[in-house]
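Numbering follows the UniProt record's numbering, in which position 192 of the sequence shown is assigned residue number 192; successive positions increment by one, without gaps. Here the structure comes first, spelled out in structure tokens, and everything after it is commentary.
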Amino acid sequence: MGGFEKSDNDTDRIAWAKICGQCDAAHRSLRRGSASDWYEVLCVHLRHSRHVRLWFANQVLFAHPHRLVQYLLECPTTEVRSAFAKIVVFLVHASARDGPCSPLYSTPALASDGAYAALLSDPTATLSDHLLLAVLSLCNKEVSEHGRHLAQYFGFFYMYACYGVAERLQLLRLNVLGTLMLVALDEGPGPPIKYQYADLSKLYQLVSLLVRCCDVSSKTHSCLANAVPLPNPHMGDQLCQEYLMPIQPQVAACLYNKTSYVKKVIEDASGAEETLRLLQFCSWENPQFSSAVLGELLWQVAYTYTYELRPFVDLLLAVLLLEDSWQAHRIHNALRGIPDDREGLFDTIQRSKGHYQKRAYQCVKCLVALFDSCPAAAHMLHTSGELKRKWAAAVDWLNDELERVRGPFPSPSLFSHLVKRKTCKECLMAELNAC
């Protein structure tokens, strides 16, 4: 232990940890109190003693590798899974500064894992590193077989990343980001996830958080000749104000070389704030990524069910409002369409007037917000006769719908709620009159 001597307090703490570790937390009959109370009790001891942390990791976790699977993936009780994840996250965090360490126990499954095998031969690896890769190694098999409870599993890594910059750098160094992105695409180290309705929301949040800590300037260039790309205002968060490392090749390949991950995250997590931040960050000064995002969002706006439409419209508007050198190109493609690929918003409005009025209305509402808050979009509208005509037709259609609802015998309509508040029509007419 590097000369570290065990004190009486350490002995007491190990005794408590042993009691807690030997209790079967998955069965309420063998424990007292809530699982969160057990988390509080254990963390008191894990916080203050390196010896206790080492003992707990070796004797409770590494000596019984099935426990990670049992309490993170198999346990049917959400409270227990969450509390166990918090305990291990705290242990990983607290042991990060304990210095180099090798676990006393290993299993054939861990030893056969390439990343973990490399870590075993690394003399600088910490107990924290070993714990993280032990949890990550569950992607080799167990994550595929236990897809019902993945929120706590992926939440484990997201919870750890939220501790701070050092933790995020550690996750990046251990290639957690690249591995989990491949898991989301069913291209990971193990078989595809078998459960059809697997919850990957925490995985998407983690990917967004870690990607925004990486320098992607190698993937950006300005629309203006010989100009330097504008600095990305969407990087990091309150805890991370500087890039931690250049984006890793495997991660860059998933994000930029193919569109499968972008399409999946837009389809599965369109309403998540972290999805918006990821799209804004990666679209900045990157015309190829912007085009992929725009194409997917225009398709969703044109064809998704109308009751699921709002998040895609909000994402589209946010991407169009990005004020980089490529903004005008994105707006042009959104209004007119991407040649031989996607129809524009005006085309979607025209096609949806007859039978999908709600879709047309959402598109018009999106354009109102765009023209009202984006000078580049307003200038494009004011200087194009074709766009003026299409905009006038959209406003006339909405005006006709409003007048129809106000008729002597109005029928129920999705526009009926606009009769009591004229703001939408007034806003539309003001925009039209300004052209």
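Beta carbons: idealized from backbone N, C-alpha and C, even for Gly. Note that this is a predicted model, so its numbers are computed, not measured.
Cutoff 8 Å; reference residue i; Cβ partners in own chain excluding five residues on either side
{"i": "P123", "result": "P100"}
{"i": "F156", "result": "L72, A85, V88, V89 and V135"}
{"i": "A125", "result": "P100, C101, S102 and L119"}
{"i": "D341", "result": "G295"}
{"i": "I237", "result": "Residue identity check: residue 237 is Asp in the sequence provided, not Ile. Same-chain partners within the cutoff: L209 and R212."}
{"i": "V228", "result": "S222"}
Beta-carbon separation (whole angstroms), residue i vs residue j, contact threshold 8 Å
{"i": "S325", "j": "S217", "result": "S325 to S217, Cβ: 14 Å. No contact."}
{"i": "S128", "j": "V165", "result": "In fact, because the Cβ distance is near 15 Å, the residues do not count as touching under 8 Å."}
{"i": "A83", "j": "A161", "result": "That belief does not hold up - the Cβ atoms of A83 and A161 are roughly 19 Å apart, past 8 Å."}
{"i": "S291", "j": "I338", "result": "7 Å"}
Cβ-based neighbour list, residue i, same chain, cut-off 7 Å, excluding 5 preceding and 5 following
{"i": "V293", "result": "V262, L279, S283 and V319"}
{"i": "D314", "result": "none"}
{"i": "R81", "result": "Y71, L72, C75, H149 and Q152"}
{"i": "residue 449", "result": "Missing from the structure shown is residue 449; the chain here goes from 1 to 435 and no further."}
Which of helix, strand or coil DSSP assigns to residue i
{"i": "G190", "result": "coil"}
{"i": "C223", "result": "coil"}
{"i": "C214", "result": "strand"}
{"i": "P246", "result": "strand"}
{"i": "E343", "result": "strand"}
{"i": "T126", "result": "strand"}
{"i": "G295", "result": "helix"}
{"i": "P103", "result": "coil"}
{"i": "G155", "result": "helix"}
{"i": "G337", "result": "strand"}
{"i": "H45", "result": "helix"}
{"i": "T77", "result": "coil"}
{"i": "S260", "result": "helix"}
{"i": "D314", "result": "helix"}
{"i": "M380", "result": "helix"}
{"i": "D400", "result": "helix"}
{"i": "Y195", "result": "coil"}
{"i": "G354", "result": "coil"}
{"i": "E323", "result": "coil"}
{"i": "Y204", "result": "helix"}
{"i": "W55", "result": "helix"}
{"i": "W38", "result": "helix"}
{"i": "V228", "result": "coil"}
Own chain residues within Cβ distance below 6 Å of residue i, not counting five before or after
{"i": "Y204", "result": "V265 and A269"}
{"i": "L180", "result": "L203"}
{"i": "L54", "result": "none"}
{"i": "C254", "result": "M181 and Y261"}
{"i": "V183", "result": "C139"}
{"i": "A198", "result": "G147 and L150"}
{"i": "A360", "result": "I349, S352 and K353"}
{"i": "G188", "result": "C139 and L182"}
{"i": "T259", "result": "A292"}
{"i": "C43", "result": "F90"}
{"i": "Y163", "result": "H93"}
{"i": "F154", "result": "K202 and L203"}
Option nearest residue i by Cα separation, candidates the options
{"i": "K194", "options": "V165, E145, K365 and P231", "result": "E145"}
{"i": "A63", "options": "Y105, G344, E40 and L316", "result": "Y105"}
{"i": "H130", "options": "A360, L316 and S102", "result": "S102"}
{"i": "L316", "options": "C366, E403 and L172", "result": "C366"}
{"i": "V207", "options": "A35, C374, Y39 and V251", "result": "V251"}
{"i": "E274", "options": "S49, S373 and L200", "result": "L200"}
{"i": "C213", "options": "E242, E267, L185 and P229", "result": "E242"}
{"i": "residue 475", "options": "D341, Y256 and D215", "result": "Any property of residue 475 remains undetermined from this structure, which presents the chain solely from 1 to 435."}
{"i": "T306", "options": "Y356, G236 and E40", "result": "Y356"}
{"i": "P231", "options": "V41, E323, V44 and S373", "result": "E323"}
{"i": "Y256", "options": "G236, A227 and P287", "result": "P287"}
{"i": "H48", "options": "A227, L61 and S95", "result": "S95"}
{"i": "L298", "options": "R97, N333 and F371", "result": "N333"}
{"i": "E79", "options": "D98, R97, D37 and V60", "result": "D37"}
{"i": "E267", "options": "D98, M159 and E308", "result": "E308"}
Whether residue i touches residue j by CB criterion (9 Å)
{"i": "A376", "j": "F346", "result": "no"}
{"i": "L150", "j": "V143", "result": "yes"}
{"i": "F289", "j": "H234", "result": "no"}
{"i": "I331", "j": "M380", "result": "yes"}
{"i": "F312", "j": "Q327", "result": "no"}
{"i": "Q362", "j": "R404", "result": "no"}
{"i": "L169", "j": "L244", "result": "yes"}
{"i": "A302", "j": "E343", "result": "yes"}
{"i": "L335", "j": "L387", "result": "yes"}
{"i": "L177", "j": "Q248", "result": "yes"}
{"i": "L210", "j": "L172", "result": "yes"}
{"i": "T220", "j": "E285", "result": "yes"}
{"i": "F56", "j": "L46", "result": "yes"}
{"i": "L398", "j": "V364", "result": "yes"}
{"i": "K141", "j": "P65", "result": "no"}
C-beta neighbour in chain B for residue i, strict 9 Å
{"i": "T259", "result": "The displayed structure is made up of one protein chain only, and chain B is not part of it."}
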